[in-house]
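Peer 1: Numbering (this note's numbering), first residue to last: -8 to 441. Just so it is clear, CB atoms sit at the ideal spot from N, CA and C, and this is done for glycine as well. I am attaching a structure below and will ask some questions about it afterwards.
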């Protein structure tokens, strides 16, 4: 028992010394750990302060055709009667795209043609009247239209009837005046004969009274008979003078009748010429209207102005209403190169400029197997645009991809309208600048508010 006790005391003393003395291995472990952690933090800090990181702005984008797309519009608008293409279709030049309801256009064209038919028929009648023809000669469009349209024939017949009625009235008026002239001429002739008879009688009486006066002076003839002879001579002279006055009066009336004939002819001609002048002015105006109406009628068939691919089609429904001047669709030139159109937020536009590189990801394809391609910003819209669907404002940036980058895609077929995402590289900044930017921005705003 006594031998074991001292041993126990020695052991306890040794353990106490070991607890009080530091372990060298633990010290070195801690030192190494501190150095490692410090190095990591120092390295991260140095990296954060000095290492440049690429700064980029993301934007939604889509593939588009390089060059100007042709907008398809309709000046007057109308109701869609049929739709012959869809977005993505390849069309040839002058291929039928849409057809509008021709009812209104037909009605206008028919109305104007009806007015022109009436004016042309009236013009033919007036020409016949001014040339004093006995019938109307219709020609040109009227004969062509009359061959297929009974209404035109009826208009021509109506003008022919009016021509005959007016001609009868005109000739009747002239006939009355001409008969009046003839009647006056006959009366003048009667008075002329009577005047000549009285003149002959007067000469005989004057010769006879000379001999009777000689007999009276010799006492062989009574005075009473001489006086009776002288009274007869005076009466003859009065009757002769009256005949002369009647002839003058009748000739004056005859002159008035002839003047009336001239006046009737002149007034009739002036009326016809005036009507012709008015009709010619109306025809000139109407011909322009007919050209416009026929043009509108032809344009109810909306055809492709160029060969290409249908894009941005806004008309899909038969019976839909097209507003005047509205863009119905766009046609991208066929086989044209593709570019990337990116919509940049107005808050980032100050960082975007031509010549910057942009990383393009084609989101419509498998991102794991589709390589990223690099493009270059070629243009930025000069003013803000507005998305008509959601009302968001944006700037349109056009990014072009060269052939070497396109070659990375291999046989992958790209089509206009494919969605994409772009990262436009706008410069470099350190991680520290990135972390401190929210605080510096807040500080700047706070100082500005103060």
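Kindly indicate which residue of 252, 323, 373 has the alpha-carbon position closest to the one of residue 84.
Peer 2: The shortest C-alpha separation from residue 84 is found at 323.
Peer 1: Do you know how far the Cα of residue 106 is from the Cα of residue 288?
Peer 2: So the alpha carbons of these two residues sit roughly 17 Å apart.
Peer 1: If you pair each beta-carbon of the stretch 263 to 283 with each one of the stretch 93 to 105, do three or more pairs fall below 8 Å?
Peer 2: Judged by Cβ distances under 8 Å, the stretch 263 to 283 makes contact with the stretch 93 to 105, as three or more pairs qualify.
Peer 1: Measure the alpha-carbon distance for residue 241 versus residue 158 and round it to whole angstroms.
Peer 2: Approximately 29 Å, taken between the alpha carbons.
Peer 1: For residue 151, collect the residues of the same chain with a Cβ closer than 7 Å to its Cβ; drop the 5 residues on either side in sequence, then sort them by chain order.
Peer 2: Answer for residue 151: 127, listed in chain order.
Peer 1: Measuring straight from C-alpha to C-alpha, what distance separates residue 357 and residue 317?
Peer 2: Approximately 37 Å, taken between the alpha carbons.
Peer 1: Are the beta-carbon atoms belonging to residue 417 and residue 347 less than 8 Å from one another?
Peer 2: Cβ atoms of residue 417 and residue 347: closer than 8 Å.
Peer 1: By the 10 Å Cβ neighbour count, where 16 or more other Cβ atoms means buried, how is residue 26 classified, buried or exposed?
Peer 2: With fewer than 16 Cβ atoms within 10 Å of its Cβ, residue 26 is classed as exposed.
Peer 1: If you follow the beta strand (DSSP E) that residue 90 is in, where does it begin and where does it stop?
Peer 2: Residues 87 to 91.
Peer 1: Going by C-alpha distance, which of 362, 268, 412, 406 is nearest residue 115?
Peer 2: When each option's Cα is compared against that of residue 115, the closest is 268.
Peer 1: In terms of alpha-carbon separation, which member of 384, 215, 187 lies closest to residue 235?
Peer 2: Closest option to residue 235, Cα to Cα, is 187.
Peer 1: Let's test the definition: count the other Cβ atoms within 10 Å of the Cβ of residue 139 and tell me whether it reaches 16, buried, or not, exposed.
Peer 2: Looking at its Cβ environment, which holds fewer than 16 other Cβ atoms inside 10 Å, residue 139 is exposed.
Peer 1: Have a look at residue 192 and residue 265 and give me their C-alpha separation to the nearest angstrom.
Peer 2: The straight-line gap from Cα to Cα measures roughly 58 Å.
Peer 1: Rounding to the nearest angstrom, what Cα-Cα distance links residue 378 and residue 31 in this structure?
Peer 2: Distance between the alpha carbons of residue 378 and residue 31 is about 49 Å.
Peer 1: Which residues bound the beta strand (DSSP E) around residue 444?
Peer 2: The requested residue 444 is not part of the displayed model; the chain covers only -8 to 441.
Peer 1: Just confirm the distance between the C-beta atoms of residue 321 and residue 62, as a whole number of angstroms; I'd bet it's less than 8 Å.
Peer 2: Contact flag correct, Cβ pair sits at about 5 Å.
Peer 1: Using a Cβ-Cβ cut-off of 8 Å, state whether residue 156 counts as contacting chain D.
Peer 2: Among the protein chains of the structure shown there is no chain D, as only one such chain exists.
Peer 1: Pull up the distance between the alpha-carbon of residue 39 and that of residue 412, whole angstroms please.
Peer 2: Any reading at residue 39 must be qualified, since the residue scores a pLDDT of 49, below 50, and its modelled position is unreliable; the value itself is stated next. Roughly 28 Å between the two C-alpha positions.
Peer 1: Name the DSSP bridge partner or partners of residue 329?
Peer 2: Beta-bridge pairing links residue 329 to 56.
Peer 1: Can you tell me where the beta strand (DSSP E) with residue 322 in it begins and where it stops?
Peer 2: Segment 318 to 324, the beta strand (DSSP E) holding residue 322.
Peer 1: Identify whether residue 414 lies in helix, strand or coil by the three-state DSSP scheme.
Peer 2: Strand, per DSSP.
Peer 1: Have a look at residue 384 and residue 338 and give me their C-alpha separation to the nearest angstrom.
Peer 2: Approximately 10 Å between the Cα atoms of the pair.
Peer 1: Under 8 Å between the Cβ atoms of residue 349 and residue 332?
Peer 2: Contact flag unset, no.
Peer 1: May I ask you to report which of helix, strand or coil DSSP gives residue 191?
Peer 2: Residue state, collapsed to three classes: helix.
Peer 1: With a threshold of 8 Å on Cβ separation, who are the neighbours of residue 226 within its own chain once the five nearest residues in sequence on each side are excluded?
Peer 2: Once the five neighbours on either side are set aside, residue 226 has no close Cβ partner at all.
Peer 1: Please tell me whether residue 221 and residue 201 are closer than 8 Å, where the distance is taken between their beta carbons.
Peer 2: Contact: no.
Peer 1: Measuring alpha carbon to alpha carbon, tell me which residue in 247, 112, 263, 92 is nearest residue 451.
Peer 2: Here the chain has residues from -8 to 441 only, and residue 451 is not among them.
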